[in-house]
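Reviewing the structure listed below.
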Amino acid sequence: MLKILLRNNSLVILVALFVVSALLSNAFLSVGNIYNLLRQLSPLFLASIGMLLVINTAGIDLSVGSIAAAGGLLVAILVSMMPPAGAMAGPIGLLGAIFLSIALGAVLGAVSGALVAFSELAPFIVTLAMMTIARGMTFMMSNGQPTRLPYDLEASDLMDQFGSGGVPFLGLPWPVVLSILVALAFYFIMGYTTFGRMVIATGSNETAVRLAGISEKRYKFLVYVISGALAGLAGVVSTARTGVGTPITGVGLELDAIAACVIGGALLSGGKGTIVNTVIGVLVLGLIGNVMNLLSVPVYPQQIIKGLIIIFAVLLQRFSNRPGART
C-alpha cells in the first residue's frame, strides 16, 4: 500500500490538500470558488505544459512569464485599435489578434530554441536573456502603462466573454475548456506520437538519440517554440480574464510553472514527466494559494508556506524515486 502511495505521491498530495481545504473553509467547495480557481489557473496550466516539454529535454525556460506579458499586451493593443464596427471588430479580427499574440510567443521561443539547439548555449543563460528582452519589449510597447480593453468595442465584448463567460451546454469557463483541450492534445502527442517519444528520449539519453541518427536538435528547437506559443496564449487568456494587458503580467509565472512540473514528478535532468502529473502539480499550487486566500492569510506568510510545501513535495518525489521505494 505504501509503495502505491509513493508511486502516486502527486495525486496523494492533491487529495490531501483538497480535503484539508474543504475542512478549513466552508466556501472552498462552492461552485463559484472552484470555477474562479480554475479560471485563475488557466494561464499557469498553459505555461506549465510548455515548460514540461522543455524540461523533458533537460532544458529550462525562464522566459515564459515575460513572453506571456508580451502576448497579453499585444492582444490588448490590437483589440483597442479595432474600429467599433465592421469586419475587423468581429470574431475574425479578434482571432487575428490572438493568432499574432501566439505567433509572437512562438517567434521568441524559436529564438531561444535556435540558440539552445544549434548554438549549444546553456538553456538557463539563453532563456534568462530572453526573459529580460521580452520584458523590455513589453515596456517599450506600452511605455510602461497598462492597456485596457475599451468597453464599447465588439471585440472587447468577445474577449470578455472568452475570459469570463461559460461554454454553452457545459457551463465551464472558456479558459478552463481551452486548458483541458490543450492538455488532452499534448497528452496524446507526448504519449502516442514519435515527437513525444523523441522529446523524452532526448532528455533521457541525448547521446543515444544522436548515435541512432536522429536529429535531437530539431526536437530541442521545437519544444522552445511550443513553450513560447503556449506562453503567448497564456498571456491572451490573462488579458481576457482581467480586461487589461500590462507589462508586469506573468511575473513569477516561470517559477510557478517549473514548480508545477517538479511537484508533478518531472526531473530537471530530463526524460521524466507527464502531462497528467503536471496538471496535478498546477492544481496543488492553486489549492495552496486559494485556501490561504479564503482564510485571509497575509501575502508574505503565504509565500513561506507555499515554499515549504514545494520543498516537501520535492523531497517526497526524491524519496519515491529511490529504487527501494519502487520495488
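For the sequence shown, position 290 (counting from the first letter as 1) is numbered 298 according to my numbering, and the numbering increases by one without interruption.
Glycine included, C-beta positions come from ideal geometry on N, C-alpha and C.
task: For my contact list, alanine 66 and glycine 278 are in at a C-beta cut-off of 8 Å; report their separation, rounded to the angstrom.
output: The pair is a contact, with the Cβ atoms about 3 Å apart (cut-off 8 Å).
query: Measuring CB to CB, does leucine 112 end up less than 7 Å from alanine 76?
result: Cβ distance not < 7 Å, so leucine 112 and alanine 76 don't count as in contact.
Assigned exposure category for leucine 37 - 16 Cβ within 10 Å defines buried: When all chains shown are included, leucine 37 counts as exposed.
Nonlocal neighbours in the same chain, by C-beta distance under 6 Å from isoleucine 234, ignoring five residues either side: The beta carbon of isoleucine 234 is closer than 6 Å to those of Gly58, Leu61 in its chain, skipping five residues each way along the sequence.
query: What is the DSSP secondary structure of threonine 344, counted as helix, strand or coil?
result: The chain is shown only over 9 to 335; residue 344 falls outside these bounds and no answer can be derived.
- prompt: Less than 7 Å separating the beta-carbons of valine 72 and alanine 105?
  reply: Not closer than 7 Å, so no.
query: Just how far apart, CA to CA, sit alanine 118 and glycine 236?
result: Approximately 8 Å, taken between the alpha carbons.
task: Counting only runs of 4+ residues fully inside the stretch 148–231, write out the alpha helix (DSSP H) ranges in chain order.
output: Taking 4 residues as the shortest admissible run, the stretch 148–231 contains the following complete alpha helix (DSSP H) segments, listed from N- to C-terminal end: 162–172, 182–200, 202–212, 214–219.
field: Per-residue DSSP class, three states only, for valine 252
entry: In this structure, valine 252 counts as strand in the three-state DSSP scheme.
field: Pairwise C-alpha distance: arginine 156 and glycine 94
entry: Low local confidence applies: a pLDDT of 45 at glycine 94 is under 50, so the model's placement there is unreliable, and no value is given.
message: With H, G and I counted as helix, E and B as strand and the rest as coil, what does DSSP make of glycine 278?
response: Note: glycine 278 maps to coil in three-state DSSP.
message: For a quick check, are the C-beta atoms of tyrosine 232 and glycine 121 less than 7 Å apart?
response: Yes, Cβ-Cβ distance for tyrosine 232 and glycine 121 is below 7 Å.
- prompt: Out of curiosity, what's the CA-to-CA distance linking proline 306 and phenylalanine 147?
  reply: Spanning the two alpha carbons is a distance of roughly 29 Å.
message: If I measure Cβ to Cβ from leucine 324 and keep anything under 7 Å in the same chain, skipping five residues before and after, which residues do I get?
response: The answer, listed in chain order, is Asn17.
message: Could you compute how far the alpha carbon of tyrosine 195 sits from the alpha carbon of glycine 281?
response: Distance between the alpha carbons of tyrosine 195 and glycine 281: 11 Å.
message: Three Cβ pairs or more, each shorter than 8 Å: is that satisfied between the stretch 35–55 and the stretch 280–297?
response: Contact holds: three or more Cβ-Cβ distances are below 8 Å.
query: Measuring CA to CA, which of Trp182, Ile271, Ser246 is closest to phenylalanine 327?
result: Closest option to phenylalanine 327, Cα to Cα, is Ile271.
message: Counting beta carbon pairs with one atom in the stretch 129–148 and one in the stretch 214–227, are three or more of them shorter than 8 Å?
response: Contact between the stretch 214–227 and the stretch 129–148 is not established, with fewer than three Cβ pairs separated by less than 8 Å.
message: Once DSSP output is grouped into helix, strand and coil, what is the label at glycine 34?
response: In the sequence as displayed, the identity of residue 34 is asparagine instead of glycine. Coil at asparagine 34, not helix or strand.
message: On a Cα-Cα basis, can you pick out the residue from Glu128, Asn151, Ile222, Tyr200 that is closest to threonine 210?
response: Of the candidates Glu128, Asn151, Ile222, Tyr200, the one whose C-alpha sits nearest the C-alpha of threonine 210 is Ile222.
message: Does serine 150 pass the burial test, meaning 16 or more other C-beta atoms within 10 Å, or should it be called exposed?
response: Classification of serine 150: buried, given that the 10 Å Cβ count is 16 or more.
- request: Sort Val299, Gly243, Leu54, Gly199 by Cα distance to asparagine 34 and report the nearest one.
  value: The candidate whose alpha carbon is nearest that of asparagine 34 is Val299.
- prompt: Taking leucine 302 as the reference, which of Gly289, Thr254, Ile318, Leu32 has the closest Cα?
  reply: Answer by Cα proximity: Leu32.
field: Residue of Thr247, Ser304, Phe320, Leu22 minimising C-alpha distance to serine 88
entry: Just measuring C-alpha positions, the residue of Thr247, Ser304, Phe320, Leu22 sitting nearest serine 88 is Thr247.
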